[in-house]
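In what follows, a single structure is set out as structure tokens and then discussed.
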Amino acid sequence: MSELITNLTLRIWRQGGPDDIGRFEEHYVEEISAEASFLELLDILNERLIAEGKDAIAFDHDCREGICGTCSLMIDGQAHGPQLGTATCQLHMRTFHSGQVIVVEPWRARAFPIIRDLMVDRGPLDRIVEVGGFITSPTGGAPDANLIPIPQPVAEAAMDAAECIGCGACVAACPNGAANLFTGAKVTHLNLLPQGQAERYARAEAMVEKMEEYFGSCTNHGECEAACPKSISIDVIALMNADYLKSKFKNRKALSRT
Amino acid sequence: MMTAGTTTPDAKIPDGALADKWETYKSDARLVNPANKRKFKILVVGTGLAGASAIATLAELGYQVEAFTFHDSPRRAHSIAAQGGINAAKNYRGDGDSVHRLFYDTIKGGDFRARESNVHRLAEVSVDIIDQCVAQGVPFAREYGGLLDNRSFGGAQVSRTFYARGQTGQQLLLGAYQQMERQVGLGNVKLWNRVELVDTVVVEDRCAGIVTRDLLTGEVRSHAGHAVVLATGGYGNVFFLSTNAMACNVTAAWRAHRRGAWFANPCYTQIHPTCIPQSDEFQSKLTLMSESLRNDGRVWVPSQVDDVRPPADIPEAERDYYLERLYPSFGNLAPRDISSRAAKRAVDSGRGVGPNRNGVYLDFADAVGRLGLDTVWSRYSNLFEMYERITAEDPRDVPMRIYPASHYTMGGLWVDYELATTIPGLYCAGEANFSDHGANRLGASALMQGLADGYFVLPYTISSYLAPMLNQPIPGTDHPEFVKAEGEARERFGRYLQTGGTRSPDHFHRELGKIVWDHCGMERTVQGLEKALSDIPALYEEFNKDLRVTGPSDRINQTLEKAGRVDDFFQLAMLMCRDALERNESCGGHFRAEYQTEDGEALRDDEQFAHVAAWEWTGDPLQATRNVEELVYESVHFQTRSYK
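Sequence order for the protein chains is U and V. Count the first sequence with our numbering and you get residues 143 to 400, in order. Count the second sequence with our numbering and you get residues 3 to 646, in order.
Here it is, written out as structure tokens:
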């Protein structure tokens, strides 16, 4: 059967509620299959805690396929742990070694207040989408889908950006707590497409300014790209910045005509 | 045991020729004046494809909409995990596709157990879905000339599936989510996140609203509205191990069922043939590998029993490409139920592969030889990478290992042509209803149905219900029925916390799942189902006595959430087994070992069972009343489904 990882020490952040004082709690795990995922390790630990009559550790998770973006966790200080391009739910114990001490914390960012234990509130990401992360196209009025040919490289580049799962790892990894990779990915996805042109600059302006209400500023560390489970390139930030800059005169021009 | 139903539900199918019914319906539907729409409040529970598309469209029309999701963000609904694609009868390939052909394939794929009129409407609106999604900026795959690309999927002989890499569900859901968030930003939708439905409320035979529990604070609260839409997904997690997300559950549909909504065909569950085999006992979740892989992958096992050589050492002559052998015309693209059973038989015959001998190979070597590694990689890179992350094996070097797993549930709340349940004012959309897939769903049809219901069906049918209610008062949340339902919900969650037993909700869920999988999974027998029907109530009794839920009641408590969901799974599981026991035939995902042909194919009984079983709550799932909706086929003729 599968190989075992033994003698693990988990140092896990516990916090009762948003206003409570948190602390690290240590748990010892004698052995776990290398085939188990990191979240299955937490499942097993939680089963043990319940058996001991203690509160289970609260952590966000859902699809466990790396696509819903619900799971989070700073593992040894890295957002989604040590494996490149991998969300926590897809991280397997074979990435760790026997005898390791593993520190598990919630996302670290001022914009993401802690709810309980390892769970945070990522609501501000939705607030950014609400102001411009869409193409206005009410149901019913769309022309035939093949009326707008989109060159394959453009469609591919838009898709590269659209892969963002909205997990917030980019924010958690950023020393400034900036959400530029998240916002840039959505701006790039929509602004590259022909359908997105009508609202291109209004979108960039609204989304960037909403982002700045909640999040820190980008200073091009590139930590976000390294932490992104979808390996989204920081090129999207450059495109967003260019469109934001242009919006400052393009939007005025459009407005002055009306 | 059999409780014969006396009532035949009225499916409200419009008159006229099949192809004209939807047009006729829309022409006759009652409308609500744009200025009056804001006088109506619609509550939509669930923000997956069906929910998000309904929320966006209803809000664009001008209704007051309140949206409920138990996730932190509506974008996390499990539609996001659909990989392969979405069907539409666009005939962009010029390969003979048409609305009629998509309709026919869906009826046939569903083993002649779906309602003709609903399925035809689905095929009709499929073309509008693609237009709508492209307008929203969904980045579907393109040809070099810039036009949309297609791929093939199981159960069809045309290429009608649109896709966005292996993340079609994600991109379609984000499209709908963005339209919905736009309405949230405009103030037309009130969004309740991290809130779970715990009951529906019926006043004077109409759905008056819902009761929710705030997952962060434990607050139980009522919401009143003119109409309620449940778009809360399927119940595949009744098996514990499934490809569903961890939080997927039957609670919303089940609580509505307990208030009078009939539950149709619960035994129709789909076991998806291409999942990564279970690696260990403690595993919490199975991972799907998109069916689209079967476009280029070849399924095989060793011809010899107990052949444990590495795949590369097994010569071509000693491999059994069993799908190509058994079903030459569809080959590796045979429909899901058929492919799943074939895999089960291969493994049961002692020819399973992998460390636990619990899988079959899905091999890309031929495709790489034919198309080159680059082409194969560009089609499936994200799936190959996902597989490698989970198994530490690279499918470019060794064949993938796959095995069937619970994936989708065709059964669900009974709805009529208007997607209305048997409780007036309560609608059900997407996987949560039973309507379009019969006994088996074809690949790439779930996304199509979810979006069809939300974008193009509900907005028309709801207005017919609302129009006569204009300026009529509706019961407020202070109505005694709301107060009573709130009290019951508080009592229920209090009880889970106070049971003070020794075993966790997960423990019971795992045990329940094992019983359901063994006796009501890929193959069912009278003996097995009867055993399940005695084992499940016994385990449920233990659950009620020996449950242990730790943690607080007034803060987030995932153990407590789980307890409520497992409770409802127990009751559903009993109904599911009863439904399977009463359906004395094999059809689609429901395979009763007693009813099979000599070659082991499903043997339907169209004389006795060409009907929908719509179960009515009586206070005990073991005593539910079985009502029957006869399926009348005007356009298609019964055929033995053959993919040979």
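Backbone N, C-alpha and C define an ideal beta-carbon position, used for all residues, glycine too. Keep in mind the model is a prediction, meaning the values are calculated, not measured.
If you measure from the beta carbon of residue 145(V) to each beta carbon in chain U, is any gap under 8 angstroms? yes
For residue 314(U), which residues from the same chain have a beta carbon less than 6 angstroms from its beta carbon, with the 5 sequence-adjacent residues on both sides left out? 221, 249, 250 and 251
Residue 262(U) to residue 253(U) span [Cα, whole Å]: 9 angstroms
Anticipated Cβ contact below 8 angstroms, residue 204(V) with residue 483(V), distance rounded: 7 angstroms
At a CB-CB cut-off below 9 angstroms, which residues of chain U make contact with residue 550(V)? 192, 193 and 195
So, helix, strand or coil for residue 222(U), using DSSP? coil
Which of the three DSSP states, helix, strand or coil, is assigned to residue 59(V)? helix
Could one say the Cβ of residue 174(V) lies closer than 8 angstroms to chain U's Cβ atoms, at least one of them? no
With 16 other CB atoms within 10 Å as the buried threshold, where does residue 564(V) fall? buried
Are the CB atoms of residue 404(V) and residue 645(V) within a distance shorter than 8 angstroms? no
DSSP three-state label for residue 362(V), please. strand
Give me the residue from 159(V), 526(V), 60(V) and 119(V) with the minimum Cα distance to residue 98(V). 159(V)
Beta-carbon proximity of residue 215(U) to residue 267(U), cut-off 8 angstroms: no
Pairing CB atoms from the segment 161-179 of chain U with CB atoms from the segment 268-275 of chain U, are three or more of them under 8 angstroms? no
By the criterion of Cβ-Cβ separation under 8 angstroms, what are the contact partners of residue 74(V) in chain U? 202, 212, 263, 264 and 265
Helix, strand or coil at residue 584(V) [DSSP, three-state]: helix
Mind checking who residue 223(V) pairs with in its DSSP beta bridge? 214(V)
Using the rule of at least 16 other Cβ atoms within 10 Å of the residue's Cβ for burial, across every protein chain shown, is residue 428(V) buried or exposed? buried
Residue 201(V) and residue 487(V) closer than 8 angstroms at C-beta: yes
Entirely within the segment 333-399 of chain V and at least 3 residues each: give me those beta strand (DSSP E) ranges in chain order. 362-365
Interface residues of chain U facing residue 166(V) [CB-CB closer than 7 angstroms]: 301
Would you verify that the beta carbon of residue 220(U) is, or is not, closer than 8 angstroms to some beta carbon of chain V? no
Taking only three categories from DSSP, how would you classify residue 430(V)? strand
For residue 240(V), which option in 535(V), 326(V), 517(V) and 382(V) has the closest C-alpha, if you only look at C-alpha atoms? 517(V)
Just to confirm the assignment: which complete alpha helix (DSSP H) runs, minimum length 4, are found wholly within the segment 59-142 of chain V? 101-111 and 118-138
For chain V, find out if any of its Cβ atoms is closer than 8 angstroms to the Cβ of residue 273(U); answer yes or no. yes
Compare the C-alpha of residue 16(V) against each of 113(V), 120(V), 100(V) and 386(V) and name the closest. 120(V)
Under the three-state DSSP convention, the category residue 592(V) falls into: strand
Out of 145(U), 189(U), 342(U) and 159(U), which has the shortest C-alpha to C-alpha gap to residue 505(V)? 189(U)
Give the C-beta separation of residue 115(V) and residue 440(V) to the nearest angstrom, bearing in mind that I take them to be a contact with Cβ-Cβ under 8 angstroms. 4 angstroms
Beta strand (DSSP E) runs contained entirely in the segment 251-306 of chain V, provided each spans 3 or more residues: 271-277 and 300-304
Listing by chain order, which chain V residues have their CB less than 7 angstroms from the CB of residue 276(U)? 180, 181, 183 and 184
Mapping DSSP to helix, strand and coil, what is residue 436(V)? coil
CA nearest to the CA of residue 276(U), picked from 394(U), 367(U), 245(U) and 334(U): 334(U)
Run the CB neighbour count on residue 473(V), radius 10 Å, all protein chains shown included, and call it buried at 16 or more, exposed below. exposed
Give me whichever residues DSSP pairs with residue 358(U) in a beta bridge. 320(U)
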